[in-house]
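To keep things clear, I will list the structure first and then write my remarks on it.
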């Protein structure tokens, strides 16, 4: 009666070797968790400059059972796949070594997400290796499944951008976004700020907030505009709320024709886009407590919940992901699975918890 | 150096007697807290049908020191001011008794908030006393200061509506909203659901959520449209987030002329509207952790924080209130102060806490 | 380098069929999650009287992908293993049917946990089937590994009892508890109260609490006294704290001889008891943020973290579990694995999340 | 019907001038909040070395309305009362200046809490001004009301110590503690760690914890032993839990005579000690949600809730305070009120909030 998501028997032969560079951060730790339970990977290295030699479990308590230790990135041996979970800029600095030492580099930073040097000029103060910009495949298999197999450089999407993109993509495919006005209002958890301290992210100041932290000009706008194939007017605002994991995007969409927007047309667009997708779950309405997408329902998973409601000339689209999962490490492993020809769900079969508080 | 908000010496003569009907609910408890520390009121009755005879402190632990007991509403003696904190519909059923037994009735429900029977037909399945609709003054002194003195029926605003109205009102006054598109994205705490249980509001299910609970068609839209004096296109969506007290509204405003919106014009509009207001605090930008309006910075108070940022053809307005305070009981006491000629800040001088978690 | 916890190839032949009775509760949902990812079980039924016919995913959003539906318990067909996650008393009422319809019954309630009818008289107002009391094996494999294979009735331990037992058991084995005084101070999450509502467990009242809810006389004392093989003086107090999943026990142990307690003796006792245990992790001291047992480090898992510190004549023992996992459904699946001869870790390899908020 | 706690008319003549040194910390901010609403104080200075010249409201958002600015401590002019809310050690370094510049110094650090240099040697690596040790009056008026009037140096108690002391004091007075064994198990909020960052107190790591942070050897033990006038065996363990404000102590008391402990004897002891106390509330049993002491019921106040239950030879005592209030700044203002002859409740009449989440 129950469906088993992973069919591990499909992974034949030897596991691929994997290195996680920047393994002491949150995305790095999540990569280690996913890869250590993945039938197609063997973790060869988990690097951290500051913690080389120490136990991984001392930083990521859920990995105490793995016996993993951090190694120094300078000691990195060649691997099949190198996952870079380093701060923005590091991958650019080391891209040549990374590519030399691995058949596939999956970068979780913003370093190679955008397609043109001009976009980096506009949103990120330029790029130090402009000649390489455009070589990476954006990681989301829902949009780039065809380009991933055989790729040697994959760029993971930003978490807020991912939340918005999975919500908007079917509408663009169905032509609803051309000329539309789209307001994206994002709510995101504290893990987005990364491991480390700082007063604003200290528990007394960060608990219980609904805090606008990027009212305008968030860099993830660039990705949304790049990945959504339509000409539309995008406004984006992000708020920090009281959870650790999770990103929720509410997209208020006003199509160009002034509506009304018909629910059945939307359903068709979303079903067409996602009916075959293993990691997108349409969720709109119905009974019970969990009627719309909610980040806590997908915490720890690579699942995106997407739902919507029509409102005259407006369509309200909700999407929810785990920013560390589908918004970062989960997306990266999913893309690597596609790139390597593994079953897409390999290593990603944790379904989440219920009940769960504020994961 | 420090300003004392309350000048109690201005209240001469005897205190007014006050009754709180529906005192076992959250708004009722907050009214009791505010009135018990108010120099111009003496609490004559705190009614609760289900808890008559029991100690108020057994329900509201912060009021254990007051010695108050719930009484039966049928035993209500005449008072100067009757505050009704009952579920929607109750005040309509009892409005004649209430008005007979009090010089001033301040109702916190939706029963008399809207101006016309037609609006009740559209948003609330009609009204049982249509001939009385329109007699009440909407409680917000920022909009109705002139009409409150001498009023005998005051209708408190809805919490989400209040959050939106304080953010949008100055723009309407300055003419920015005519023909504009306005998207109001609200985040609200669990106290809005009221005292009592239910699975959706149980701690395991309600903790850590970002839950769309009113994607479209929220009744507070009617109030916003009524109170904001402009012709604009309103879209409204509310989300439950993990706090108990607080409502935060992010209003994405697109003026009709296509912008750009100039920050200095906005500043002028907000300063003009609020510079003299004792309970509105402009908060936009600057340094530090608390740069924009945040509900936790105003928890327990009657203060609304309002701020904004410009973004090309968009203006993003943030407002934050305590839904039980400014969004309900605080607003009611403020309006009563104005109605009775008391100093506006009497009984409302608690400035909030820092640090504070998820109040 | 990383250890794979599950060796699925060891499960040969056909999967066992499993029914979960009482599947709409929290423990029932967790059983479904664990069994749906378990290589040795096929879920044949998930019963719920009140929700028969409805989708399991409507109640447990993490199980939307399974396609499971609740069935009526009256329609239950014979299965290999029946897991009962029903309220206390239900299994006693149905024990004959349950045993007739399944080779193995695993009951998660308190119905068969205690060994003698007298204990039920003392702590639970008696037992309706006293002749069956004593037939069940207490589920914790750490204490009952030898008795589980071939058992036909297994009784899962209480969550608070489990937390205390895993902390105290090695001390009893080493003889430290005879004549000792032991104070057990427990902190537990809101999921212990079960699915459903009620004012005390509503989000506004239950958030942020440190609430003594069982100052004395908690029924889990009976289990601790039964399972810990020593004569000692037990005091037990439980507090509700702000998390959904998790139970943390701090056991203050004062040995009879007046100490001092030596750390190396304790280490020896704990290592002897747990060095081979797949689901107990010794965690005491060291560097970093997570130096002692913490419930959030084991949320979603079947792992118990145990640690201690010596303090003159006192030994402070900390233990942390997920009350829904090791404290309930995880323990049940672990015991069933041992009973059926499956690898102990089968279906229980989720290592938990980092970071994670208040799971 | 309602009792007004503050009788402001009793403060005649001019306000005292007050300086808060170390005003950018949490206790400093709370002092400013309390003093700015206090009828007997005028805030003359709020010093902060690092933030001199900046607005107080930029750090403490609840004080935006006060217009206060931080000044440099070197510019401090003489005042009537100097409150020092500085890190441990600073007051010792500056005690001569402080006493020269103020008639009364109220220190919130541990610098002068203990009575003998030997105790500082044992618990704090000694004291730099041993000749002054013993000159201060410990701030708790419940224990030192007679010594406070006219004092020129007052030392505020530690928050965890205060929680334990208010719970144990009546038992010592009644002679129940001589020869007793007492286990104090404390749960405390994140504000205890102070303003500032650090990984352990970052929101992702600190949220949702039940984290033993001082299993043994907590320095507050020294205070408890000093203030509780009895010979008893004290064991103390502190846990961090998920709230910002609040400390809850569960004291497991085993009297020397082996009991049983009689509830009516305990009631007599507690009533005798606290019946006249304006800031201690006995709370034990009864109906409703809030039957025992809870920190969230006293958040923002100077109130200590104390309750107990008997259990054979054990007495379980619960006490709950706001660690920033009664456990620090509130206690300091209360003591200053007594020292200056002000009404004890002046400036301390905020009764707390209901509902409230995790303050």
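Residue numbers (my numbering), protein chains in the order written: chain A, 130 to 488; chain B, 130 to 488; chain C, 130 to 488; chain D, 130 to 488.
Positions of the beta carbon are idealized from the N, C-alpha and C atoms, including for glycine.
Cutoff 8 Å: residue i Cβ touching any chain C Cβ
{"i": "residue 443 (chain D)", "result": "yes"}
{"i": "residue 333 (chain B)", "result": "yes"}
{"i": "residue 162 (chain D)", "result": "no"}
{"i": "residue 337 (chain B)", "result": "yes"}
{"i": "residue 327 (chain B)", "result": "yes"}
{"i": "residue 330 (chain B)", "result": "yes"}
{"i": "residue 482 (chain A)", "result": "yes"}
{"i": "residue 371 (chain D)", "result": "yes"}
{"i": "residue 223 (chain D)", "result": "no"}
Test: residue i CB closer than 8 Å to a CB of chain D
{"i": "residue 324 (chain A)", "result": "yes"}
{"i": "residue 419 (chain B)", "result": "yes"}
{"i": "residue 486 (chain C)", "result": "yes"}
{"i": "residue 471 (chain B)", "result": "no"}
{"i": "residue 447 (chain C)", "result": "yes"}
{"i": "residue 158 (chain B)", "result": "yes"}
{"i": "residue 397 (chain B)", "result": "no"}
Cβ shell of residue i (< 8 Å), same chain only, five flanking positions each side left out
{"i": "residue 163 (chain D)", "result": "458, 459, 462, 476 and 477"}
CB contact check: residue i to chain B, cutoff 8 Å
{"i": "residue 168 (chain A)", "result": "no"}
{"i": "residue 148 (chain D)", "result": "no"}
{"i": "residue 232 (chain D)", "result": "no"}
Cβ neighbours of residue i in the same chain (closer than 6 Å, five flanking residues each side left out)
{"i": "residue 197 (chain C)", "result": "175 and 185"}
{"i": "residue 315 (chain D)", "result": "289, 367 and 378"}
{"i": "residue 280 (chain D)", "result": "266 and 468"}
Contact with chain A by residue i, beta-carbon distance below 8 Å
{"i": "residue 375 (chain B)", "result": "yes"}
{"i": "residue 433 (chain B)", "result": "no"}
{"i": "residue 96 (chain B)", "result": "Nothing about residue 96 (chain B) can be read from this structure; chain B reaches only from 130 to 488."}
{"i": "residue 348 (chain B)", "result": "no"}
Which of helix, strand or coil DSSP assigns to residue i
{"i": "residue 232 (chain B)", "result": "strand"}
{"i": "residue 445 (chain D)", "result": "strand"}
{"i": "residue 221 (chain D)", "result": "helix"}
{"i": "residue 430 (chain D)", "result": "coil"}
{"i": "residue 215 (chain B)", "result": "coil"}
{"i": "residue 399 (chain C)", "result": "helix"}
{"i": "residue 357 (chain A)", "result": "coil"}
{"i": "residue 341 (chain A)", "result": "strand"}
{"i": "residue 187 (chain B)", "result": "helix"}
{"i": "residue 297 (chain A)", "result": "helix"}
{"i": "residue 142 (chain C)", "result": "coil"}
8 Å contact criterion, which residue i and residue j should meet: CB distance rounded
{"i": "residue 180 (chain C)", "j": "residue 199 (chain C)", "result": "5 Å"}
{"i": "residue 326 (chain B)", "j": "residue 326 (chain C)", "result": "3 Å"}
{"i": "residue 452 (chain D)", "j": "residue 374 (chain D)", "result": "6 Å"}
{"i": "residue 148 (chain A)", "j": "residue 214 (chain A)", "result": "The pair is not a contact, with the Cβ atoms about 11 Å apart (cut-off 8 Å)."}
{"i": "residue 481 (chain A)", "j": "residue 191 (chain C)", "result": "4 Å"}
{"i": "residue 445 (chain A)", "j": "residue 345 (chain B)", "result": "6 Å"}
{"i": "residue 364 (chain A)", "j": "residue 440 (chain B)", "result": "7 Å"}
message: Closer than 9 Å between beta carbons: that is the criterion. Which residues of the segment 180-191 of chain B meet it against chain A?
response: none
- prompt: Of the residues that make up the segment 302-323 of chain A, which ones have a beta carbon closer than 7 Å to any beta carbon in chain D?
  reply: 319 and 320
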